[in-house]
Structure formats: C-alpha cells, structure tokens
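Q: Below is the structure I would like to discuss, written out as structure tokens.
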Amino acid sequence: MSIVLNCVLVSKQWFKVISERSKLSLSIKSYQKIQGQLLERVTTLQVEQSDPLFDCKKLGLLKQLTQLDIDGNNIDEEGAKYISEMQYLAILNMLGNNIGNEGVKYISGMKQLTHLNVSENNIGLDGVKYIVEMKQLTHLNIGQNSIGDEGAKLIGEMTQLLDLCIFYCGISSEGIKHISKLDKLTDLNISSNMLYDDSTKYISGMNQLTYLRIHDNNIGDEGAKFLGKMKQLTGINIWRNELTAEGVKFLTGLDKLTEIDISSNNIGDNGAKYISEMKQLTNLDVSDNNIGEEGAKYIGNMKQLTILTLWKNNIRGEGAKYISKLEKLTELDISENHIDEKGAKYISEMSQLNALDISVNIIGNQGAKYIKEMKQLTDLLIWDNNIIEQEEHPKEIKEVSTTPLAETNTKLSTPSLDNTKGLRKLIGLAFILLSFTTLLYISIK
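For the sequence shown, my numbering gives the first residue as 945, with consecutive numbering after it.
Spelled out as structure tokens, the structure:
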C-alpha cells in the first residue's frame, strides 16, 4: 500500500491509473487509519485488535471491499449491522467477537457472502436459524458457540457447504448424524465435542471428505475402525482420542493419507510400527505416545517424511540416531525425549533441516556445541538442556548466526483453532546463560 501511495505522489497520471485499475489490500490497527484518496480501491481489509474499539461505521468508506478480517475486536450487534451493509463482501472473518444472535440476524442478510467465520461469538440456536438461510455459503466456521445437537441438525440442511468447522459446540452422535448428510463437504472439523465410537459410523459414510479433524474426542479403537474405511482421506487429525496400537492398525489402509496427527494417544512402539507401513505419509505427528527407541527405529524407516513431530516421547540418544537417517526431513520436533549429547551429535548431521526443536532434553554443553554447527537452521529452540556457563568452554556457547527466521508450521492447519502444538518459535533472542538456571535461548537472526 505504501508503494502505491508513493506512486500517487509522483504524478496525476499515476494517480489516475491506480485509482481506475488497482485493487488494494490494507492492514490497520485503528479505525482512525481509514482515510485517504484510494479507499474505494481497497478490496481486502485486515483489522488487528484495536484500542479503542473499532468503529464499524468507518467501513462504509470502503465501497469495493470483498474480504474483511476483523477478529477479536469486541464487535457487537450494532457493529454487525454496519458490516451487513457492505454489498460486495464475499469473505468475512469475525472470530472472537460478541455479535450474538441479533448480530447474526444482520449478517444473514448478506446474500453475496460465500465464506463466513463467526466462531466464538455467543451464538445460540436462534442464531443458527438465521445462518441456515444463507443458501450461498460454501465455507462456514461456527465453532465455540453453544449450538448443540439441535443446531447441528439445522446446519445439516445446508447441503451446499464444502467446508464446515463446528469444533467445541456441544455436539454428540445425534448431531453428527445430521452433519453426515452434507454430501458436498470436503473439509470437516468436529473436534472437541462429545463424540464416541458410534459417531464415526456416521462420519465414515461421508465419501467425499478429504480432510477430517476429529481430535479431542473419545472415539477409541472402535471408532478408528470405522474411520479406516474412508479411503479417500488425504489428511486426518485424531489426537487425544484414546487410541492404542490396535486402533492405528485400522488406519494403515488409508493409502491416500499424506498428513496425520495422532498425538496424545497411547500407541507405543507397536503403533509406531503400524504407522511406518504408511509409505505415502509426508507429515507425521506422534507426540506424547509412549514411543521409545524401538518405535523410533520404525519411524526411521519412513524415508519419505518431510515434517516429523515426536515431542514428549522417550526415544533417547539411540532413537535420535534412527531419526537422523531421515534425509528428506526439513522440520523436526524431538523436544522432551531424554536425548543426550550423543543424540545431539546424530541430529547435528541432518544438514537438510530448516527447523529444529530439541528443547527439554539433556544434551549439555557438548550437545549445544554440535547443534551450533547447524548453520542452515532458520528456526531453533533448545532451552532447558542442562547447558551451563563455563569459562573453560567459552566458544561452545555463543550466539549463532543463521538466515532470517522462516515461517514454518508442523501441524495440520485449518482457519479454525486447530494449531495447538508443533514447532514453537523464539525470535530475536541471543543465547542467554543464567548461572542458576538451565534455560538457554538461541538467537535466530
């Protein structure tokens, strides 16, 4: 936007060209910033959380706006009324506001909207009744609202939907029975509800789904058995669902899966063995699963992996040796795995890695010295590793200079609140050595 404004100042010819042909994107923190000669050319607006509260009346100046991201700004029903007057808006993200049922009533009149995110907005069953009237919607996120099974039943009538997020909505198997009738859905997030194995019987019949997020429920191994029939899936998030190795075995037949998050279950080494048979996987998260050295050995055979998250297991130094053989890995999280300096040495040989989390281990000063040699890293976290400041080792612990921090993400993502773990980033800090702690931070510059 600033480049465009500079061009405007150069000549009237430039101003004419830009004002007639340009489409501009704008990101602001305050409604007071909505001013200038080119407002009618702005088509995309992102409003960061503002203080004072954002004045939605100012949006009337942006007459060509097609996309609005205004999450977390305490917008109420009055603000929703002003937003509803924007006749060209097609994509609206209002996550984390407070528009309530009355606010949704105004929004439901926007017949041009195709993408709507009203998660966490104090919407109840009456609000869902208004949303159901929006026959043109193809993407809907209504997560973290108290809509229950009755709300799910109403949403089940929106047969045009392609993408639906209803996480943490108090939905049980009865509600899922209605959702399963949406035969055009390709992406479904039903995480953090009250789903058990009987719910998966309905879900497994959704043959058009390619991405399923059902994490933080209680489907167990029997539920995994039903999901194992969904041969069309390319991605699944199933963490925290009371699965064991037996449940993993049912999933190994999903030969189109490229991404799976099965973390925070109890699959153990045997589960890791079954997962290693899935040769098409490129993104794997098996964090917090009681996996040891033997399980790491199986995972070390998955030569196709590019992203691996093993947080909170027990692979130790020998397990790190097996993992270090994965030559295609670019992102690795092995934090909380009792890895010693020998394991750090193995990991330091992975010259293709861009991002590494090896925090909360026991690599010590010598291990830090090995990791320091990984000059290619753009993202590194190494705190809590028994690293201490010693005068006789001044060169082992010093600031590491690498390329600029890259934006990386190890989790299966969605516009909703799916991204809860993965590589944790630390920006702009130097090695801080404290004599009386074991904390160590590395600067990524």
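Each residue gets a CB set at the ideal place from its N, CA and C atoms; glycine is no exception.
1. Which of the three DSSP states, helix, strand or coil, is assigned to G1179?
2. Relative to the alpha-carbon of H1122, which residue among G1095, D1107, S1135 and A1024 has its alpha-carbon at the smallest distance?
3. From Y1155, K1193 and R1157, pick the residue whose C-alpha is nearest to that of E1166; which is it?
4. Would you call the stretch 1043–1057 and the stretch 1089–1109 in contact, with 3 or more CB pairs under 8 Å?
5. Pull up the distance between the alpha-carbon of D1013 and that of N1037, whole angstroms please.
6. Using a Cβ-Cβ cutoff of less than 7 Å, which residues in the same chain neighbour K1169 once the five nearest sequence positions on both sides are dropped?
7. Which residue marks the beginning of the alpha helix (DSSP H) containing L1171, and which one marks its end?
8. Assign K1049 to one of two classes, buried (16 or more other C-beta atoms within 10 Å of its C-beta) or exposed (fewer than that).
9. Please state whether the Cβ-Cβ distance between H1159 and D1107 is less than 8 Å.
10. Consult DSSP for S969 and reduce its assignment to one of helix, strand or coil.
11. Measuring CB to CB, does I1306 end up less than 8 Å from D1284?
12. Let me know the secondary structure DSSP gives D1131 once reduced to three states.
13. So, using beta-carbon positions, are K1001 and Y1026 closer together than 8 Å?
14. At the level of alpha carbons, what is the spacing between I1180 and K1313?
15. Does the Cβ of G1004 have 16 or more other Cβ atoms within 10 Å, making it buried, or fewer, making it exposed?
16. Mind checking which residues open and close the alpha helix (DSSP H) that includes I1099?
17. At 4 residues or longer, and completely inside the stretch 1208–1272: list those alpha helix (DSSP H) runs for me, N to C.
18. Can you tell me which of the three DSSP states Q1310 falls into?
19. Just list the residues that DSSP pairs D1284 with in beta bridges.
20. Suppose you measure from the CA of R965 to the CA of D1020; what does that come to, to the nearest Å?
21. Using the Cα positions of Y1242 and S1220, report the straight-line distance between them to the nearest angstrom.
22. Might you give, ordered along the chain, the residues of its own chain that have their beta carbon closer than 8 Å to the beta carbon of G1197, omitting 5 neighbours on each side?
23. May I have the straight-line CA-CA distance separating M1138 from T1188, to the nearest angstrom?
24. With DSSP run on the structure shown, which of helix, strand or coil describes A1024?
25. Assuming Q1008 contacts R985 (C-beta within less than 8 Å), just tell me the rounded distance between them.
26. If the criterion is Cβ atoms closer than 8 Å, does the pair L1225 and G1244 meet it?
27. Is the beta carbon of N1185 closer than 8 Å to that of N1209?
28. Can you tell which of L983, L1006, T987 and I972 has its C-alpha closest to the C-alpha of Q993?
29. Which term fits K1217, buried or exposed, when burial requires 16 or more other beta carbons within 10 angstroms of its beta carbon?
30. Count the other CB atoms within 10 Å of the CB of G1053; is the residue buried (16 or more) or exposed (fewer)?
31. First and last residue of the alpha helix (DSSP H) that includes L1195?
32. Counting only beta-carbon atoms, is N1298 nearer than 8 Å to chain B?
33. For a test of the three-state rule: what should DSSP assign to I1278, helix, strand or coil?
34. Rounded to whole angstroms, what's the CA-CA distance from E1317 to N1309? Just pull it up for me.
35. How is N1185 classed by DSSP in three states: helix, strand or coil?
36. So who's on the other strand from R985, going by DSSP bridges?
A: The structure says:
1. Position 235 of the sequence shown holds residue 1179. Looking at G1179 - three-state DSSP - the assignment turns out to be strand.
2. Here residue 1122 refers to the residue found at position 178 of the sequence shown. Here the closest residue by C-alpha is G1095.
3. Here residue 1166 refers to the residue found at position 222 when the sequence shown is read from its first residue. Closest by alpha carbon: K1193.
4. no
5. Your numbering for residue 1013 matches position 69 in the sequence shown. Your numbering for residue 1037 matches position 93 in the sequence shown. Between D1013 and N1037, the C-alpha separation is close to 5 Å.
6. Within the sequence shown, residue 1169 is the residue found at index 225, counting from 1. Hits under 7 Å: F1194.
7. Mapped onto the sequence shown, residue 1171 falls at position 227. G1164 to L1171 is the span of the alpha helix (DSSP H), which, as asked, contains L1171.
8. Counting from one through the sequence shown, the residue named residue 1049 turns up at place 105. K1049 comes out buried.
9. Taking the first residue of the sequence shown as 1, we reach residue 1159 at position 215. Taking the first residue of the sequence shown as 1, we reach residue 1107 at position 163. It is not a contact, given that the beta carbons lie outside the stated cut-off.
10. Taking the first residue of the sequence shown as position 1, residue 969 is located at position 25. Here S969 sits in strand by DSSP.
11. Within the sequence shown, residue 1306 is the residue found at index 362, counting from 1. Within the sequence shown, residue 1284 is the residue found at index 340, counting from 1. Yes. Within cutoff.
12. The residue given as residue 1131 occupies position 187 in the sequence shown. Note: D1131 maps to strand in three-state DSSP.
13. Along the sequence shown, read from residue 1 onward, the residue named residue 1001 stands at position 57. Along the sequence shown, read from residue 1 onward, the residue named residue 1026 stands at position 82. Taking 8 Å as the Cβ cut-off, K1001 and Y1026 qualify as a contacting pair.
14. Position 236 of the sequence shown, counting from 1, holds the residue named residue 1180. Position 369 of the sequence shown, counting from 1, holds the residue named residue 1313. Cα-Cα distance, rounded: 38 Å.
15. On the sequence shown, residue 1004 is found 60 positions in, with the first residue counted as 1. Counting Cβ neighbours within 10 Å, G1004 comes out exposed, since fewer than 16 surround it.
16. For this step, residue 1099 is matched to residue 155 along the sequence shown. Note, I1099: alpha helix (DSSP H), G1092 to I1099.
17. 1212–1219, 1237–1243 and 1260–1267
18. Taking the sequence shown and counting its residues from 1, the one referred to as residue 1310 is at position 366. The answer is helix: DSSP assigns Q1310 an H, G or I state.
19. Against the sequence shown, residue 1284 aligns to sequence position 340. DSSP, once it has assigned bridges, lists no residue as partnering D1284.
20. Along the sequence shown, read from residue 1 onward, the residue named residue 965 stands at position 21. Along the sequence shown, read from residue 1 onward, the residue named residue 1020 stands at position 76. Caution is warranted here: a pLDDT of 48 is assigned to R965, below 50, making its placement in the model unreliable, and no coordinate value can be reported.
21. In the sequence shown, the residue the question calls residue 1242 occupies position 298. In the sequence shown, the residue the question calls residue 1220 occupies position 276. Cα to Cα, the separation comes out at about 6 Å.
22. As a first step, residue 1197 must be located in the sequence shown, where it is residue number 253. Result list for G1197: G1172 and K1175, in chain order.
23. Against the sequence shown, residue 1138 aligns to sequence position 194. Against the sequence shown, residue 1188 aligns to sequence position 244. C-alpha separation (whole angstroms): 19 Å.
24. Counted from its first residue, the sequence shown places residue 1024 at position 80. Helix.
25. As a first step, residue 1008 is located in the sequence shown; it is residue number 64 there, counting from the start. As a first step, residue 985 is located in the sequence shown; it is residue number 41 there, counting from the start. With 8 Å as the limit, Q1008 and R985 qualify as a contact, their Cβ atoms being about 7 Å apart.
26. The count along the sequence shown starts at 1 and reaches residue 1225 at position 281. The count along the sequence shown starts at 1 and reaches residue 1244 at position 300. No, the Cβ-Cβ distance between L1225 and G1244 is not below 8 Å.
27. Residue 1209 sits at position 265 when you count from the first residue of the sequence shown. Residue 1185 sits at position 241 when you count from the first residue of the sequence shown. In contact: N1209 and N1185 (Cβ atoms closer than 8 Å).
28. Residue numbering aside, residue 993 sits at position 49 when the sequence shown is read from its first letter. Nearest option by C-alpha distance: I972.
29. What you label residue 1217 is simply residue 273 of the sequence shown in a count that begins at 1. The residue in question, K1217, is buried, as its Cβ has 16 or more Cβ neighbours within 10 Å.
30. To locate residue 1053, count along the sequence shown from 1; it is residue 109. Its Cβ having fewer than 16 others within 10 Å, G1053 is exposed.
31. By one-based count along the sequence shown, residue 1195 stands at place 251. From DSSP, the alpha helix (DSSP H) with L1195 extends over A1189 to L1195.
32. In the structure shown, chain B cannot be found, because there is only a single protein chain.
33. Sequence index remark: in the sequence shown, residue 1278 carries index 334 (1-based). DSSP places I1278 in coil when its eight states are reduced to three.
34. If you number the sequence shown from 1, residue 1317 lands on position 373. If you number the sequence shown from 1, residue 1309 lands on position 365. Distance between the alpha carbons of E1317 and N1309 is about 13 Å.
35. On the sequence shown, residue 1185 is found 241 positions in, with the first residue counted as 1. Here N1185 sits in coil by DSSP.
36. As a working mapping, residue 985 is identified with position 41 in the sequence shown. None, per the DSSP bridge assignment.
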